[in-house]
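Chemist: Dumping the structure here so I can ask a few things about it.
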Amino acid sequence: MSGENEETQAAEETSVDEKEVQDKVISPEKAEEAKLKARYPNLGNKPGGSDLLRKRLQKGQKYFDSGDYNMAKAKIKNKQLPTAAPEKAEITGDHIPTPQDLPQRKPSLVASKLAG
Amino acid sequence: MAGPGGGSSDVQWCFSQVKGAIDDDVAEADIISTVEFNHTGELLATGDKGGRVVIFQQEPESKNQPQCRGEYNVYSTFQSHEPEFDYLKSLEIEEKINKIRWLPQKNAAQFLLSTNDKTIKLWKISERDKRPEGYNLKEEDGRYRDPNTVTSLRVPVFRPMDLMVEASPRRVFANAHTYHINSISVNSDCETYLSADDLRINLWHLEITDRSFNIVDIKPANMEELTEVITAAEFHPNQCNTFVYSSSKGTIRMCDMRASALCDKHAKLFEEPEDPNNRSFFSEIISSISDVKFSHSGRYMMTRDYLSVKIWDLNMETRPVETYQVHEYLRSKLCSLYENDCIFDKFECCWNGNDSVVMTGSYNNFFRMFDRGYRQDMTLEASRENSKPRSVLKPRKVSTGGKRKKDEISVDSLDFNKKILHTAWHPLDNIIAVATTNNLYIFQEKLN
Numbered sequence: 001m002s003g004e005n006e007e008t009q010a011a012e013e014t015s016v017d018e019k020e021v022q023d024k025v026i027s028p029e030k031a032e033e034a035k036l037k038a039r040y041p042n043l044g045n046k047p048g049g050s051d052l053l054r055k056r057l058q059k060g061q062k063y064f065d066s067g068d069y070n071m072a073k074a075k076i077k078n079k080q081l082p083t084a085a086p087e088k089a090e091i092t093g094d095h096i097p098t099p100q101d102l103p104q105r106k107p108s109l110v111a112s113k114l115a116g
Numbered sequence: 001m002a003g004p005g006g007g008s009s010d011v012q013w014c015f016s017q018v019k020g021a022i023d024d025d026v027a028e029a030d031i032i033s034t035v036e037f038n039h040t041g042e043l044l045a046t047g048d049k050g051g052r053v054v055i056f057q058q059e060p061e062s063k064n065q066p067q068c069r070g071e072y073n074v075y076s077t078f079q080s081h082e083p084e085f086d087y088l089k090s091l092e093i094e095e096k097i098n099k100i101r102w103l104p105q106k107n108a109a110q111f112l113l114s115t116n117d118k119t120i121k122l123w124k125i126s127e128r129d130k131r132p133e134g135y136n137l138k139e140e141d142g143r144y145r146d147p148n149t150v151t152s153l154r155v156p157v158f159r160p161m162d163l164m165v166e167a168s169p170r171r172v173f174a175n176a177h178t179y180h181i182n183s184i185s186v187n188s189d190c191e192t193y194l195s196a197d198d199l200r201i202n203l204w205h206l207e208i209t210d211r212s213f214n215i216v217d218i219k220p221a222n223m224e225e226l227t228e229v230i231t232a233a234e235f236h237p238n239q240c241n242t243f244v245y246s247s248s249k250g251t252i253r254m255c256d257m258r259a260s261a262l263c264d265k266h267a268k269l270f271e272e273p274e275d276p277n278n279r280s281f282f283s284e285i286i287s288s289i290s291d292v293k294f295s296h297s298g299r300y301m302m303t304r305d306y307l308s309v310k311i312w313d314l315n316m317e318t319r320p321v322e323t324y325q326v327h328e329y330l331r332s333k334l335c336s337l338y339e340n341d342c343i344f345d346k347f348e349c350c351w352n353g354n355d356s357v358v359m360t361g362s363y364n365n366f367f368r369m370f371d372r373g374y375r376q377d378m379t380l381e382a383s384r385e386n387s388k389p390r391s392v393l394k395p396r397k398v399s400t401g402g403k404r405k406k407d408e409i410s411v412d413s414l415d416f417n418k419k420i421l422h423t424a425w426h427p428l429d430n431i432i433a434v435a436t437t438n439n440l441y442i443f444q445e446k447l448n
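Residue numbers (our numbering), protein chains in the order written: chain A, 1 to 116; chain B, 1 to 448.
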């Protein structure tokens, strides 16, 4: 009886080993994931999670808020106030755009080149 | 020899036309964002990032050149959407045309729906080829005549004039979407249509602009719990009560509007089980469905995710009946594709007229066709180098192994900025429209 158990155990261990080897060999995705984690160690483990989706919903349109802009200008002039812990910056965008940063919002008055 | 839309093994594709500027410096406004044939294939519409629509019309076949089907020439062009500003949220609303859908023709005029992120518009495109002349109280240039100078009366008549094609906005369907509209779909009843954004789907009546019905709402009470968004939606081609919507998690839900007013509970859920051992950081991202299209027959639907095209039998929810790899060689490049955001590219897909072949785009201006019957696939390229009139397109190949054969291109040489996201197939004939970044290519089947 015990002999059989040992055999089964050995067989299970081998199959686990095989699977690990198989994982390393046949999963290019996992290899790519390892590469990514090496480059960005702070990357969260939930790629499809709400952060990514909420960023997607915002679609990253830059906007100009004169209140934020003037506050930021004032902050730079005076010494930096002790900053609070960095918020989840996903929602409000990376930085406060200046009027120069904003793309022009002219409508296309030129005809499409497909019609040329 | 297979008939129209027959197996790709018999069909040879030839260059027919290319529209757009040649220069490499692409203005953002010129980026093509949607391509759509109308129901007869006579008209081909494109929308761009600048909010403009260009419609091409096929010339009638000439007796001189029976080998060619007619060419497509500009029929009408107009500014559909303009940039707007949402003052309340301090957000810019892009004028980019996300989708164009044609209405089936009912009278002399043509109608299409075009949408940007927030607003859908119904456009009427009509022809004018005669004008009234000989008014009694108006001069020919439009100035009014003094009635006292009129000494005799005449009957105004219609006289022929040069064809003028006019586009006018007939309806504006606004303010119904908090999030960005990704799909519109006209119902087979030709009275209603749906519009879908990331979290909600609304049902409209084509005649009524001041209200719409919300039929799907997947917004969680707490946005922190958000796990998936709606990526595409479409009405069934002949069952007016049925529609499907796809998600960023790779699922498709089919809903029946007869069951309840709010279709949050699906009638069918199509999902391919995933092998948990193969799960990686990228699994969910590449499983996100970028397009869903019913077959013309209404028996099947096709979905496009980042690496593959899947055909589903509507009677089987457990797994697709066919899976075609579009560019499997990219699986070992996912890290860089994530870094340069290409992994989020939304490719569309389309059926040919008799549902025997499906087509989708890839990178390097390559596009792929899969013949379902002959189980063959083909890779073709849309480039100015292969643009001699009626020249047959040579199939392309990407080399995946170590040894690269002559005429093959290696994965590392692919240009990931040259993406073909939008393609369309003529509903009846073997004519296809393929959009590169700013050019529209039209290819036709070689006719002997």
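Glycine included, every Cβ here is placed at the ideal spot set by N, Cα and C.
1) Where do the ends of the beta strand (DSSP E) carrying C451(B) lie?
2) Roughly how many angstroms lie between the CA atoms of E71(B) and R131(B), to the nearest whole one?
3) Could you tell me the distance, in whole angstroms, from the CA atom of M302(B) to the CA atom of K99(B)?
4) If we ignore side chains and look at the alpha-carbon of each, how far apart do F294(B) and R404(B) end up?
5) Taking the alpha helix (DSSP H) that C335(B) belongs to, which residues open and close that run?
6) Compute the Euclidean distance between the alpha carbons of D217(B) and K265(B), then round it to the nearest angstrom.
7) Beta-carbon of A72(A) versus every beta-carbon of chain B: anything under 8 Å?
8) Taking 7 Å as the cut-off, is the CB of A261(B) close to at least one heavy atom of the ligand ATP?
9) In the DSSP assignment, the alpha helix (DSSP H) including L36(A) goes from what residue to what residue?
10) What's the call for E61(B), buried or exposed, on a 16-neighbour Cβ count within 10 Å?
11) At least one CB of chain A closer than 8 Å to the CB of S280(B): is that the case?
12) Compare the C-beta of K113(A) against all C-beta atoms of chain B and say whether one is closer than 8 Å.
13) If the cut is a Cβ gap below 9 Å, which residues of chain B does P28(A) touch?
14) Can you confirm whether the segment 41-58 of chain B touches the segment 133-142 of chain B when touching is taken to mean that 3 or more C-beta pairs between the two stretches lie within less than 8 Å?
15) So, with DSSP's three-state summary, where would you put P160(B)?
16) Buried or exposed: which applies to C263(B), given that a residue is buried once 16 or more other Cβ atoms fall within 10 Å of its Cβ?
17) If you draw a straight line from the alpha carbon of D429(B) to that of N222(B), how long is it in whole angstroms?
18) Closer than 8 Å is the cut-off here; do at least three beta carbon pairs connect the segment 22-35 of chain B with the segment 84-93 of chain B?
19) To be precise: take each residue of the segment 39-68 of chain B, compare its Cβ to all Cβ atoms of chain A, and keep it if any distance is under 7 Å. Which residues remain?
20) Is it the case that the Cβ atoms of L194(B) and A233(B) are separated by a distance below 8 Å?
21) Can you check whether the C-beta of Q12(B) is within less than 8 Å of a C-beta belonging to chain A?
22) From the DSSP output, in three-state form, read off K118(B) for me.
23) Could you give the first and the last residue of the continuous alpha helix (DSSP H) run that contains E95(B)?
24) Could you tell me whether the Cβ of D217(B) comes closer than 8 Å to any Cβ of chain A?
25) So, N73(B) versus E59(B), is the Cβ gap smaller than 8 Å?
26) Hey, could you find the ends of the alpha helix (DSSP H) I451(B) is sitting in?
27) If you run the structure through DSSP and keep just helix, strand and coil, what is A67(A)?
28) Output yes if chain A places a C-beta closer than 8 Å to the C-beta of Y338(B); else output no.
29) Could you tell me which of F37(B), S76(B), K49(B) and C190(B) sits nearest to S168(B), measuring between CA atoms?
30) Between the C-alpha atoms of R101(B) and V155(B), what's the straight-line distance to the nearest angstrom?
31) Using DSSP with H/G/I as helix, E/B as strand and the rest coil, what is M316(B)?
32) Under three-state DSSP, which class holds K124(B)?
33) Helix, strand or coil for C342(B)? Go by DSSP, reduced to three states.
34) In chain order, what residues of the same chain lie with their CB nearer than 8 Å to the CB of K106(B), ignoring the 5 residues before and after it?
35) Roughly how many whole angstroms lie between the Cα atoms of S383(B) and V309(B)?
36) Among residues of its own chain, excluding the 5 on either side of K486(B), which ones have a beta-carbon nearer than 7 Å to its beta-carbon?
Modeler: Working from what's here:
1) Since the displayed chain B opens at 1 and closes at 448, residue 451(B) lies outside it and no answer follows.
2) Sequence index remark: in the second sequence, residue 71(B) carries index 71 (1-based). Sequence index remark: in the second sequence, residue 131(B) carries index 131 (1-based). Each residue's Cα considered, the two are about 28 Å apart.
3) Along the second sequence, one-based indexing puts residue 302(B) at 302. Along the second sequence, one-based indexing puts residue 99(B) at 99. Approximately 18 Å, taken between the alpha carbons.
4) Along the second sequence, one-based indexing puts residue 294(B) at 294. Along the second sequence, one-based indexing puts residue 404(B) at 404. Cα to Cα, the separation comes out at about 38 Å.
5) What you label residue 335(B) is simply residue 335 of the second sequence in a count that begins at 1. Per DSSP, C335(B) belongs to the alpha helix (DSSP H) from L334 to E339.
6) The residue labelled residue 217(B) in the question sits at position 217 within the second sequence. The residue labelled residue 265(B) in the question sits at position 265 within the second sequence. About 10 Å.
7) Numbered from its first residue, the first sequence carries residue 72(A) at position 72. For A72(A), the answer is no, since every Cβ of chain B falls outside 8 Å of its Cβ.
8) By its list of ligands, the structure shown contains no ligand whatsoever, and the ligand ATP lies outside what it can speak to.
9) Taking the first sequence and counting its residues from 1, one reaches residue 36(A) at position 36. It spans P28 to R39 - the alpha helix (DSSP H) in which L36(A) sits, taken as one unbroken run.
10) As a working mapping, residue 61(B) is identified with position 61 in the second sequence. Taking all protein chains in view, the Cβ of E61(B) is surrounded by fewer than 16 other Cβ atoms within 10 Å, so the residue is classified as exposed.
11) As a working mapping, residue 280(B) is identified with position 280 in the second sequence. Yes, because at least one Cβ of chain A sits closer than 8 Å to the Cβ of S280(B).
12) Here residue 113(A) is taken as the residue at index 113 of the first sequence, counted from 1. Yes, because at least one Cβ of chain B sits closer than 8 Å to the Cβ of K113(A).
13) One-based indexing of the first sequence puts residue 28(A) at position 28. Within 9 Å of the CB of P28(A), the CB atoms of chain B belong to R331, S332, K333 and L334, in sequence order along the chain.
14) No: the two stretches stay apart, fewer than three of their Cβ pairs being nearer than 8 Å.
15) Position 160 of the second sequence holds residue 160(B). It is a strand residue.
16) Along the second sequence, read from residue 1 onward, the residue named residue 263(B) stands at position 263. Result: buried.
17) Residue mapping note: residue 429(B) aligns to position 429 of the second sequence, counting from 1. Residue mapping note: residue 222(B) aligns to position 222 of the second sequence, counting from 1. Taking the straight line joining both Cα atoms gives about 49 Å.
18) They do not touch, by the three-pair rule.
19) Within the segment 39-68 of chain B, the residues whose Cβ lies closer than 7 Å to any Cβ of chain A are, in chain order, T46, D48, G50, G51, R52 and V54.
20) Against the second sequence, residue 194(B) aligns to sequence position 194. Against the second sequence, residue 233(B) aligns to sequence position 233. Yes, Cβ-Cβ distance for L194(B) and A233(B) is below 8 Å.
21) The residue given as residue 12(B) occupies position 12 in the second sequence. With a threshold of 8 Å between beta carbons, Q12(B) makes no contact with chain A.
22) To locate residue 118(B), count along the second sequence from 1; it is residue 118. Three-state DSSP puts K118(B) in coil, outside helix and strand.
23) Counting from one through the second sequence, the residue named residue 95(B) turns up at place 95. Element bounds for E95(B): n/a, residue is neither H nor E.
24) The residue given as residue 217(B) occupies position 217 in the second sequence. Under the Cβ distance rule, D217(B) does not count among the residues neighbouring chain A, no pair being separated by less than 8 Å.
25) By one-based count along the second sequence, residue 73(B) stands at place 73. By one-based count along the second sequence, residue 59(B) stands at place 59. Remark: C-beta atoms of N73(B) and E59(B) approach each other more closely than 8 Å.
26) There is simply no residue 451(B) to check, as chain B begins at 1 and stops at 448 in what is shown.
27) As a working note, residue 67(A) is residue 67 in the first sequence. First, the amino acid is wrong: residue 67(A) is Gly here, not Ala. In this structure, G67(A) counts as helix in the three-state DSSP scheme.
28) Sequence index remark: in the second sequence, residue 338(B) carries index 338 (1-based). Yes, its Cβ sits closer than 8 Å to a Cβ of chain A.
29) As a working mapping, residue 168(B) is identified with position 168 in the second sequence. For S168(B), the closest C-alpha among the options F37(B), S76(B), K49(B) and C190(B) is that of S76(B).
30) Here residue 101(B) is taken as the residue at index 101 of the second sequence, counted from 1. Here residue 155(B) is taken as the residue at index 155 of the second sequence, counted from 1. Distance between the alpha carbons of R101(B) and V155(B) is about 42 Å.
31) Position 316 of the second sequence, counting from 1, holds the residue named residue 316(B). In this structure, DSSP gives M316(B) a state outside helix and strand, which the three-state scheme calls coil.
32) In the second sequence, counting from the first residue as 1, residue 124(B) sits at position 124. Looking at K124(B) - three-state DSSP - the assignment turns out to be strand.
33) Residue 342(B) sits at position 342 when you count from the first residue of the second sequence. DSSP, reduced to helix, strand and coil, places C342(B) within a helical segment of the structure shown.
34) For the purposes of this step, residue 106(B) is taken as the residue at position 106 of the second sequence. Closer than 8 Å at Cβ, skipping near neighbours: C190.
35) For the purposes of this step, residue 383(B) is taken as residue 383 along the second sequence, with counting starting at 1. For the purposes of this step, residue 309(B) is taken as residue 309 along the second sequence, with counting starting at 1. Distance between the alpha carbons of S383(B) and V309(B) is about 23 Å.
36) The requested residue 486(B) does not occur in the structure, where chain B is confined to residues 1 to 448.
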